[in-house]
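See structure below.
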Amino acid sequence: MMYHGIYNLSNSDTGYTGGNVDKDGYNRTKESFINDLEFYYQKGYRMVRLEDYVNGIIDVPLGYSPIVLTFDDGLKNNINILGKDEEGKLIIDENSAVGILEQFKKKYPDYNVTATFFINGGLFNQPEYNIEIIKWLVENGYDIGNHTYSHYNMEKLTIDETKKEIGRLYNFLKEIIPNKYVKIVALPFGTPYSLDHPNRPFILNGEYEGIKYNTISTLRVGYESELSPFSKNFDKTYIKRIRAYDNNGNDFDIEYNFKKLDNNRYVSDGNKHTITIKEEDLEYVNEIYADKVITY
Ligand SMILES: [Zn+2]
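Quick note on this note's numbering: the sequence shown kicks off at 83 and runs consecutively.
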């Protein structure tokens with residue numbers, strides 16, 4: 083699921099469809115975000131870390147399905163800090179995305195609440211708290227990824243500019259949370275759109291200021307759910323996301339996508355070391371997972 087901002091608004095406060103805060107639904111109301119989380123839970127989805135999904139570690143109970151949350155842009159309303167308590171701990175605004183996720187953590191301990199936040203050079207746009215926020219997130223079950231330093235259209239950059247945009251942000255994360263950030267890039271505006279674009283190899287591998295980086299996955303903008311990581315057609319370097327927005331069940335909105343998933347979704351066999359699949363579907367499994375497969 084691809085989210086951006088979560089605004090402390092009710093759906094009736096905006097002039098847009100459902101819980102959208104802008105025309106295209108990149109930003110959502112608090113009310114709709116709470117409803118989304120409740121909806122996924124009741125539908126039998128349980129959260130997994132993006133990095134685990136990419137690496138084929140699907141640890142959800144028997145009969146349940148995995149879901150991954152991502153947030154782009156490092157907006158203040160992703161984790162708004164109100165100050166610090168007497169012990170010096172961050173006070174997180176209950177109306178910001180993480181504040182809401184933390185409430186779900188308490189409400190449904192079996193939800194395995196987690197999310198990956200893709201940030202730019204402004205981090206979480208709270209200079210006095212940015213560093214502490216990032217450390218708090220990785221210590222509390224969330225992940226941080228790379229959304230490039232300046233959020234430029236990656237099709238319009240030179241190769242050197244591409245390396246700077248990717249490497250500079252990785253170097254930031256390396257300094258703040260060494261070895262604890264995910265080597266995943268959410269592509270700004272989904273650019274470059276083509277796998278053949280000359281900048282693409284330098285999003286995956288490169289060097290900036292003498293420090294090498296490698297990226298295991300890049301994330302696109304929209305428009306539907308991605309395949310099982312065990313599918314032979316799964317390309318972990320170029321992953322689709324569902325844009326979490328409302329459009330009356332049209333154009334790949336939440337309702338549209340989950341209706342589609344009702345007929346064909348990944349259901350866990352309850353064992354993260356095995357893949358249970360119908361005999362006739364065996365041909366779809368990537369052969370690197372052959373020793374994990376159980377057929378029926
Ligand atoms: Zn963005």
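Cβ coordinates follow ideal geometry from the N, Cα and C atoms, glycine included.
How far does the beta strand (DSSP E) with residue i in it reach, from first residue to last?
i       : result
Asp-225 : 225-228
Gly-288 : 287-290
Val-267 : 266-268
Phe-199 : 198-201
Tyr-295 : 293-296
Measuring only the C-alpha atoms, how far is residue i from residue j?
i       : j       : result
Leu-157 : Gly-87  : 6 Å
Phe-59  : Ile-357 : No statement about residue 59 is possible, as the shown extent of the chain runs from 83 to 378 and does not include it.
Phe-340 : Asp-278 : 31 Å
Met-84  : Thr-300 : 13 Å
Val-33  : Asn-207 : Within the shown structure, residues of the chain are numbered from 83 to 378, placing residue 33 beyond reach of any answer.
Glu-247 : Thr-273 : 13 Å
Pro-148 : Tyr-327 : 19 Å
Thr-240 : Ile-376 : 48 Å
From which residue to which residue does the alpha helix (DSSP H) around residue i run?
i       : result
Tyr-320 : That residue, Tyr-320, is in no alpha helix (DSSP H); it is neither H nor E in DSSP.
Ser-114 : 112-124
Phe-186 : 179-189
Phe-340 : 336-345
Going by C-alpha to C-alpha distance, which of the options sits closest to residue i?
i       : options                               : result
Trp-218 : Lys-189, Lys-262, Ser-232 and Asp-242 : Lys-262
Lys-354 : Glu-365, Lys-374 and Arg-347          : Lys-374
Thr-198 : Leu-183, Asn-117, Tyr-211 and Thr-111 : Leu-183
Gly-352 : Gly-138, Asn-90, Pro-143 and Thr-96   : Pro-143
Tyr-320 : Tyr-371, Pro-283 and Ile-213          : Pro-283
Asn-253 : Gly-145, Asn-296 and Glu-369          : Asn-296
Tyr-378 : Leu-364, Asn-368 and Gly-165          : Leu-364
Can you say whether residue i is buried or exposed, counting buried as having 16 or more other CB atoms within 10 angstroms of its CB?
i       : result
Pro-270 : buried
Asn-160 : buried
Could you tell me whether the region 168-179 touches the region 225-233, where touching means 3 or more Cβ pairs closer than 8 Å? no
Say whether the region 283-293 touches the region 307-317, bearing in mind that this needs 3 or more beta-carbon pairs closer than 8 Å, one atom from each stretch. no
Evaluate contact between the region 117-137 and the region 186-201, counting only Cβ atoms and requiring at least three cross-stretch pairs below 8 Å. yes
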